[in-house]
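Residue numbers (the working numbering), protein chains in the order written: chain A, 965 to 1267; chain B, 3 to 472.
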């Protein structure tokens, strides 16, 4: 009897995430879910479908499209939104489009700043969401280990690590003034292994970029970058090779490093993850500048 | 474990599907080696990746305190602002897992002015690890940490007597500290205590036993965490279900969403909705995780309930078994931890969030403040940052609650300042007054004739609102 009434760790994490999502929908006026198409977003969406079953989740999916995402991500995004019957809002910063911004020519810092951080802030100003779900996890990076589940942002969308509200039990403070907002992280307590294990158990759809396949790659910025379209500068493309690779995170293709792999199934991916010795963020060019660069980005308003 | 990963990953995954979860808090001061201990747990349980390791190898030379040795503390000291100060300034959550359990560590600073962080970390923990420096024994801060984790209802305390390497691994040192702590634990009434001699720096008795402490035959910290029994007698508890959200996709479906706070419920059970007191029966239970109907649900499952009769139920209501009801009242005796720079002011109106209810309230009396070092009771008129006190609080409307000792979920609340919206305090219910008190009488509020007439009109025409006479 006692044994029967125990929930496994994944069931407990699932229940916690569902609780958080319901709490947000009950208390905020204009919530949305930041859907970034990756594995964490896929899990988050899956949990939202469960939380409000039999109704569809009562909020839109929003995607900040940097225009440099893998093409498959965009296809996957559109297809998935249609399948689940939720509204999909996409936003790209017109400033970046006007200047024809490219991570190859303008550099990763400027591209990320305009097409991600600034775009996200513009989008939030336009739609006036008072709560936005994000798929970030505390195990991803050191500055995230201190992040609240309800992360308070001021009217400029900035995060002040010293002025976060204390968060006790599972009682979340949803009070905000006009213009202020809360970023909500329902997956805070999941680890990378939990995410993969849950995807495997629940058979959750994820883009095929996570699975190894022969892909055309170049060496760029110290990482293996996939040639996803014709915008890769010719001189860089000259040295391209075909390799069996996959991605551990998904983002802008010129900024997302591939890893050599033969993992073509979920168990193989998990196996590789458990045996490997580099963390998933290493594939992201954005983090490698400074060990505290993520903290800086967060203060500026990036997720 | 790693053999199975390489040889039969599907078998490994199957085993890991059945893991349980344990949350613990680590308490210790800057010099107790707390960051080193956590770094050691992560490092020895292979939760550290090579790139993270190479980053700390670099940092160890730059800002580390261990000379050319690896400074494991750097694995956990996150924000650059605190790294420069060399202290941990906020609660950080870290993760590792074994074959049996997934662990969530609430890593909190031990410095006095950060009591609020420790309270925060302890609020979700099942187990506390209290670190004691073997050279120093029980310090004032040990008393403080022990008081706080006990106040927050943690029933299992592991006393890790650290830096044994610096006292030549002497058994007498360990035994003498253990003896003094037993007295402290008795004074506080701590239920389960465990003692382990360790050296986080050298790794003795953390994950591996090591050869240095041969006189100790008990569990290593890792083993203890893996096997410690945290299943409280939840089966005996009674069903509490705070309604979070009403799901109404169409006219035929009205589901009450929430997470079972305690106990269990079955289809056809007789239930009462509080505070209204209306009764009905459970018609369907939907397990949110499986999106399917089930016959019985238990804590902490996320579920959706439908009822046999159409009863008015909304967010903030609590569904319970008719045969076992919590008290409904607006007058509570509580323990409060004040967490804001602005002091708590008597009679000021605050918002209280308790389960899924938000209700206005004011503090009517401070019974006493507790000195967390001496455990002495002190008379005060206001509460300052990090003060812990027994108070009487009056809510503007009655709600269903339990005492924190019996139910952590339905006996806890946060206090929100209505002007700044900050979470300014945390509260734990000690007892619930049997009698409802008239908040108006206590606040000496006077009403105009028009307000009195409105009140009478409501009472005469809408008796089902249970409106009080003013």
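Note that CB positions come from ideal geometry on N, CA and C, so glycine has one too. Predicted model, so just to flag it, every value in this text is computed and none were measured.
Under 9 Å by beta carbon: chain A residues contacting residue i
i: residue 243(B); result: Neighbours of residue 243(B) on chain A: none; closest Cβ ~12 Å, over 9 Å.
i: residue 121(B); result: 1130 and 1132
Rounded distance between the beta-carbons of residue j and residue i, thought under 8 Å
i: residue 1033(A); j: residue 1217(A); result: 7 Å
i: residue 1150(A); j: residue 1005(A); result: Their Cβ separation, rounded to whole angstroms, is 11 Å, which puts residue 1150(A) and residue 1005(A) out of contact at 8 Å.
i: residue 362(B); j: residue 398(B); result: 5 Å
i: residue 179(B); j: residue 136(B); result: 7 Å
i: residue 359(B); j: residue 401(B); result: 5 Å
i: residue 251(B); j: residue 1018(A); result: 6 Å
i: residue 194(B); j: residue 159(B); result: 7 Å
i: residue 314(B); j: residue 245(B); result: Not a contact, Cβ separation roughly 11 Å.
i: residue 269(B); j: residue 240(B); result: Their Cβ separation, rounded to whole angstroms, is 17 Å, which puts residue 269(B) and residue 240(B) out of contact at 8 Å.
i: residue 364(B); j: residue 352(B); result: 7 Å
i: residue 407(B); j: residue 263(B); result: The pair is not a contact, with the Cβ atoms about 15 Å apart (cut-off 8 Å).
i: residue 1020(A); j: residue 1001(A); result: Residue 1020(A) to residue 1001(A), Cβ: 19 Å. No contact.
Under 7 Å from the C-beta of residue i: neighbouring residues of chain B
i: residue 975(A); result: 291
i: residue 1044(A); result: The contacting residues do not exist; residue 1044(A) stays about 18 Å from chain B at best.
i: residue 1122(A); result: By Cβ distance, chain B contributes nothing, its closest Cβ being about 15 Å from residue 1122(A), past 7 Å.
i: residue 1109(A); result: 80, 94, 95 and 96
i: residue 986(A); result: 246, 247 and 259
i: residue 1164(A); result: 15
i: residue 1238(A); result: 7
i: residue 1231(A); result: 11, 12 and 15
Residues near residue i by beta carbon distance below 6 Å, same chain, minus five either side
i: residue 3(B); result: The predicted position of residue 3(B) is uncertain, since its pLDDT is 49 and thus under 50; no value can be drawn from it.
i: residue 389(B); result: 340 and 371
i: residue 329(B); result: 434
i: residue 128(B); result: 24, 25 and 232
i: residue 486(B); result: The structure shown has nothing for residue 486(B), since chain B only spans 3 to 472.
i: residue 218(B); result: 199
i: residue 338(B); result: 391, 393, 427 and 429
Contact list for residue i against chain B, beta-carbon separation under 8 Å
i: residue 1024(A); result: Within 8 Å Cβ-Cβ: nothing; residue 1024(A) doesn't reach chain B, min ~17 Å.
i: residue 917(A); result: Because residue 917(A) is not part of the residues shown, which for chain A are 965 to 1267, the question remains open.
i: residue 979(A); result: 261, 290, 291, 302, 303 and 304
i: residue 970(A); result: 22 and 233
i: residue 1103(A); result: 96 and 97
Same chain only: Cβ atoms within 7 Å of residue i, ignoring 5 sequence neighbours per side
i: residue 1028(A); result: 1055, 1080, 1083, 1084 and 1087
i: residue 40(B); result: 28, 78, 96, 107 and 109
i: residue 1236(A); result: 1225 and 1227
i: residue 355(B); result: 415, 416 and 418
i: residue 88(B); result: Unreliable placement is indicated for residue 88(B), whose pLDDT of 43 sits below 50; no coordinate value is reported for it.
i: residue 975(A); result: none
i: residue 1153(A); result: 977, 980 and 1102
i: residue 1176(A); result: 1208, 1209, 1210, 1225, 1226, 1227 and 1228
i: residue 1(B); result: What is shown of chain B runs 3 to 472, which leaves residue 1(B) out entirely.
i: residue 295(B); result: 286, 287 and 288
Sequence-distant residues of the same chain with beta carbon closer than 8 Å to residue i, five excluded per side
i: residue 993(A); result: 1094
i: residue 1129(A); result: 1112, 1114, 1116 and 1137
i: residue 472(B); result: 442, 449, 453, 454 and 457
i: residue 369(B); result: 335, 391, 392, 393 and 394
i: residue 248(B); result: 256, 257, 258, 259, 315, 316 and 317
i: residue 327(B); result: 274, 276 and 402
7 Å Cβ cut-off: residues of chain A touching residue i
i: residue 171(B); result: Going along chain A, no residue has its Cβ under 7 Å from residue 171(B), so there is no contact; the nearest lies around 32 Å.
i: residue 18(B); result: 1161
i: residue 418(B); result: 1137 and 1139
i: residue 158(B); result: Within chain A, no residue comes near residue 158(B); the closest Cβ sits about 17 Å away, beyond 7 Å.
i: residue 256(B); result: Correct list: empty, because the minimum Cβ distance to chain A is about 11 Å.
Per-residue contacts from residue i into chain A (C-beta, under 8 Å)
i: residue 415(B); result: 1135
i: residue 341(B); result: 1130
Quick one: which residues of the stretch 1139-1154 of chain A get their C-beta closer than 7 Å to a C-beta of chain B? List them in chain order.
1139, 1140, 1141 and 1153
Scan the stretch 21-34 of chain B for residues whose Cβ lies nearer than 8 Å to a Cβ of chain A and list them as they occur along the chain.
21, 22 and 23
Which complete beta strand (DSSP E) runs does the stretch 1069-1110 of chain A hold, if anything under 3 residues is left out?
1095-1097
With a floor of 3 residues, list each beta strand (DSSP E) that falls wholly inside the stretch 986-1044 of chain A, ordered by position along the chain.
995-998 and 1025-1028
Got a sec: which bits of the stretch 1049-1074 of chain A sit with their beta carbon under 7 Å from any beta carbon on chain B, in order along the chain?
none
Select from the stretch 1128-1139 of chain A all residues with a C-beta closer than 7 Å to any C-beta belonging to chain B, and list them in chain order.
1129, 1130, 1131, 1132, 1133, 1135, 1137 and 1139
Output, in sequence order along the chain, the residues in the stretch 993-1022 of chain A whose CB is closer than 7 Å to any CB in chain B.
1014, 1015, 1016, 1017, 1018 and 1019
Identify every run of the beta strand (DSSP E) within the stretch 103-181 of chain B, keeping only runs that are complete inside it and at least 3 residues long; order them along the chain.
103-109, 129-135 and 158-164
Jot down the residue ranges of each uninterrupted alpha helix (DSSP H) in the stretch 183-245 of chain B, minimum 4 residues, whole runs only, in chain order.
223-229
What residues in the stretch 1166-1177 of chain A have a beta carbon less than 8 Å from any beta carbon of chain B?
none
Contained beta strand (DSSP E) runs [length at least 3] in the stretch 1119-1188 of chain A, N- to C-terminal order:
1145-1148 and 1177-1184
Report the start-end ranges of each beta strand (DSSP E) in the stretch 279-309 of chain B that is 3 residues or longer and not cut off at the edges.
280-289, 294-296, 298-300 and 304-309
Tell me the start and end of each unbroken alpha helix (DSSP H) in the stretch 7-37 of chain B that is at least 4 residues and wholly inside, in chain order.
11-19
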